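Q: Below are the structure tokens for one structure; questions will follow.
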Amino acid sequence: MGVIVIKSILKLGAIVAITLTFSSCSLTTPTSSTSNTKVSQSNKQSVQVKDSVKIPTTKEIVNTLASNEFEGRYVGSKGNEKAGQYISGIFKDIGLKPLLGENYYVEYTQSVYKHFGMLSAGEAKEDVVKKLDNVVGVIKGKDSKKAVIVSAHFDHIGYQDGKIIRGALDNASGVSALIKIANGLQEKAKQKPFDEDIIFCAFNGEEEGSAGSRAFVKQITSKKLYDSIYNINIDSIGAKEGGKLALKNMSKVSNKLYDAVKTTLKKDNVEFADTRVMGASDHFSFENAGISNVFFVQEGIEKLVHKPTDTPDILEYDKIDRIASSIVNFIETNNGVVFKD
28 MGVIVIKSIL KLGAIVAITL TFSSCSLTTP TSSTSNTKVS QSNKQSVQVK DSVKIPTTKE
88 IVNTLASNEF EGRYVGSKGN EKAGQYISGI FKDIGLKPLL GENYYVEYTQ SVYKHFGMLS
148 AGEAKEDVVK KLDNVVGVIK GKDSKKAVIV SAHFDHIGYQ DGKIIRGALD NASGVSALIK
208 IANGLQEKAK QKPFDEDIIF CAFNGEEEGS AGSRAFVKQI TSKKLYDSIY NINIDSIGAK
268 EGGKLALKNM SKVSNKLYDA VKTTLKKDNV EFADTRVMGA SDHFSFENAG ISNVFFVQEG
328 IEKLVHKPTD TPDILEYDKI DRIASSIVNF IETNNGVVFK D
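So in the working numbering, spot 200 of the sequence shown is number 227, and the numbers just go up one at a time.
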């Protein structure tokens with residue numbers, strides 16, 4: 028989550044800072060049965076869906092994303108790229124369709140400058156423009172002009188003082204919920220198609236000004252893909268030492284959406300409070316475009332995120348699953364509803 032803590036991201040003596048330019052928490056190994064590996068920008072394979080595959084559990088997903096192999100998932104790093112590949116593989120196993128193009132990678136660019144070592148005054152910087160990816164899949168509905176966008180960011184802050192900041196709570200928890208929601212809704216869609224497209228976005232670059240989600244919102248609005256959209260954003264849920272969901276509506280365009288979400292949460296006995304967590308996340312990209320949005324975040328996370336102690340053992344996985352199941356219920360109950368104030 029892009030909040031609270033001033034980031035000091037040190038990886039083997041290298042500091043990476045990122046400025047957006049648009050175009051268009053050692054634990055386990057990945058358990059997805061397919062990888063849909065992105066070897067290079069010019070060698071991305073089209074999606075072929077397999078039948079009867081095992082989707083990793085919430086705990087397995089968090090353990091994998093927070094493992095040494097993914098190195099804190101800092102945007103632009105090898106660990107970050109591996110995380111995108113892992114999520115893409117699961118999307119493929121679930122049977123999601125690509126939204127744009129032949130695979131799940133939706134590309135955008137960021138201007139990246141690297142300080143190699145501890146720079147002293149007068150030393151040179153290397154500036155590069157790096158192509159990065161959001162990971163996006165869709166369950167196609169009967170009305171191709173309506174869409175629900177469920178999102179969670181998969182990047183984190185990499186290293187601090189030589190230690191991996193694993194980001195189990197922030198935001199492997201949200202990604203695990205995103206995947207559970209996608210799998211649950213896909214099973215329902217096999218029985219009866221939804222009236223709207225349901226888009227699942229694993230966003231990159233949230234820790235650097237929500238770069239990936241801002242690029243994505245610009246892409247879909249400029250292409251005028253949909254007449255009606257609303258966003259459900261999930262960032263940092265399920266902490267044992269956290270509180271209820273902080274569900275204070277700070278949006279200027281989402282009163283009807285928040286009211287409907289609260290109705291479902293009450294029915295499902297998911298606790299929430301009229302409180303807020305200070306800071307930003309990817310729902311702001313939708314807010315700034317005038318798109319209805321609701322933010323799922325937990326109270327009391329300020330003391331837990333962006334620290335070496337943000338590891339899988341601080342999470343309560345049943346809590347994540349209950350929230351994800353309630354979101355599934357919400358989308359099913361409000362199938363085809365347009366949320367505009």
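Ideal placement from N, C-alpha and C gives every residue a C-beta, glycine not left out. Treat the numbers as computed from the prediction; the structure is a model and nothing was measured.
1) Report the three-state DSSP secondary structure of residue 351 (helix, strand or coil).
2) Looking at the secondary structure, which residues open and close the beta strand (DSSP E) in which residue 180 lies?
3) Taking a contact to mean a Cβ-Cβ separation below 8 Å, would you say residue 323 touches residue 362 in this structure?
4) Pull up the distance between the alpha-carbon of residue 165 and that of residue 326, whole angstroms please.
5) Per the DSSP calculation, residue 183 is bridged to which residue(s)?
6) For residue 300, count neighbouring Cβ atoms within 10 angstroms of its own Cβ and tell me buried if that reaches 16, exposed if not.
7) At the level of alpha carbons, what is the spacing between residue 305 and residue 366?
8) How many angstroms separate the CA atom of residue 231 from the CA atom of residue 116?
9) According to the neighbour-count rule (16 or more other Cβ atoms, all chains shown, within 10 Å of its Cβ), is residue 207 buried or exposed?
10) Would you check if the distance between the CB atom of residue 364 and the CB atom of residue 316 is smaller than 8 Å?
11) For residue 93, which residues from the same chain have a beta carbon less than 7 Å from its beta carbon, with the 5 sequence-adjacent residues on both sides left out?
12) Write down the C-beta distance between residue 320 and residue 314 rounded to the nearest angstrom, noting that I regard them as a contact closer than 8 Å.
13) Take residue 265 and list the residues in its own chain whose beta-carbon comes closer than 6 Å to its own, dropping the five residues that flank it on each side.
14) Report the residue from 351, 349, 332 and 360 whose alpha carbon sits nearest the alpha carbon of residue 28.
15) Along the chain, where does the alpha helix (DSSP H) containing residue 286 start, and where does it finish?
16) Quick one: grab the DSSP three-state call for residue 209.
17) Measuring alpha carbon to alpha carbon, tell me which of 128, 288 and 281 ends up nearest residue 311.
18) Taking the alpha-carbon positions, what's the residue 223 to residue 216 distance?
19) Taking buried to mean at least 16 other C-beta atoms within 10 Å of its own C-beta, is residue 95 buried or exposed?
20) Could you round the C-beta distance between residue 179 and residue 202 to whole angstroms and report it? I think they count as a contact, below 8 Å.
21) Which stretch, first to last residue, makes up the alpha helix (DSSP H) that contains residue 87?
22) Alpha carbon to alpha carbon, how far is residue 356 from residue 218?
23) Helix, strand or coil for residue 329 per DSSP?
24) For residue 129, count neighbouring Cβ atoms within 10 angstroms of its own Cβ and tell me buried if that reaches 16, exposed if not.
25) Which residues share a DSSP beta bridge with residue 224?
26) In terms of residues, what are the limits of the alpha helix (DSSP H) holding residue 240?
27) Where does residue 360 land, buried or exposed, given buried means 16+ other C-beta within 10 angstroms?
28) Could you name the residues of the same chain whose beta carbon sits closer than 6 Å to that of residue 106, not counting the 5 residues immediately before and after it, in chain order?
A: Based on what the coordinates show:
1) If DSSP states are grouped into helix, strand and coil, residue 351 belongs with the helices.
2) According to the DSSP assignment, residue 180 belongs to the beta strand (DSSP E) that extends over 170–180.
3) Contact flag unset, no.
4) Roughly 30 Å separates the two Cα atoms.
5) Under the DSSP definition of a beta bridge, residue 183 partners with 101.
6) Exposed is the label assigned to residue 300, since fewer than 16 other Cβ atoms lie within 10 Å of its Cβ.
7) C-alpha of residue 305 to C-alpha of residue 366: approximately 25 Å in a straight line.
8) Taking the straight line from one Cα to the other gives about 16 Å.
9) Classified as buried, residue 207 has 16 or more neighbouring CB atoms from the shown chains inside 10 Å of its CB.
10) Cβ distance not < 8 Å, so residue 364 and residue 316 don't count as in contact.
11) Excluding sequence neighbours, residue 93 sits near 52, 54, 193, 194, 195, 199, 338 and 339.
12) With a Cβ gap of about 6 Å, residue 320 and residue 314 count as contacting.
13) Exclusion of the five residues before and after residue 265 leaves 200, 342, 343, 346 and 347 as the residues of its chain whose Cβ lies within less than 6 Å of its Cβ.
14) Sorting 351, 349, 332 and 360 by C-alpha distance to the C-alpha of residue 28 places 332 at the top.
15) For residue 286, the enclosing alpha helix (DSSP H) stretches over residues 282–294.
16) Reduced to three states, the DSSP call for residue 209 is helix.
17) For the residues 128, 288 and 281, the minimum Cα distance to residue 311 belongs to 281.
18) Taking the straight line joining both Cα atoms gives about 11 Å.
19) Exposed, by the Cβ-count rule.
20) Indeed they touch by this definition, with Cβ atoms about 5 Å apart.
21) Residues 85–92.
22) So the two alpha carbons sit approximately 15 Å from each other.
23) It is coil, neither helix nor strand.
24) Answer is exposed; the Cβ neighbour count stays below 16.
25) For residue 224, the beta-bridge partners assigned by DSSP are 174.
26) Where residue 240 is concerned, the enclosing alpha helix (DSSP H) stretches over 238–249.
27) With fewer than 16 other Cβ atoms within 10 Å, it is exposed.
28) Excluding residues within five positions, the ones whose Cβ falls inside 6 Å are 97, 98 and 100.
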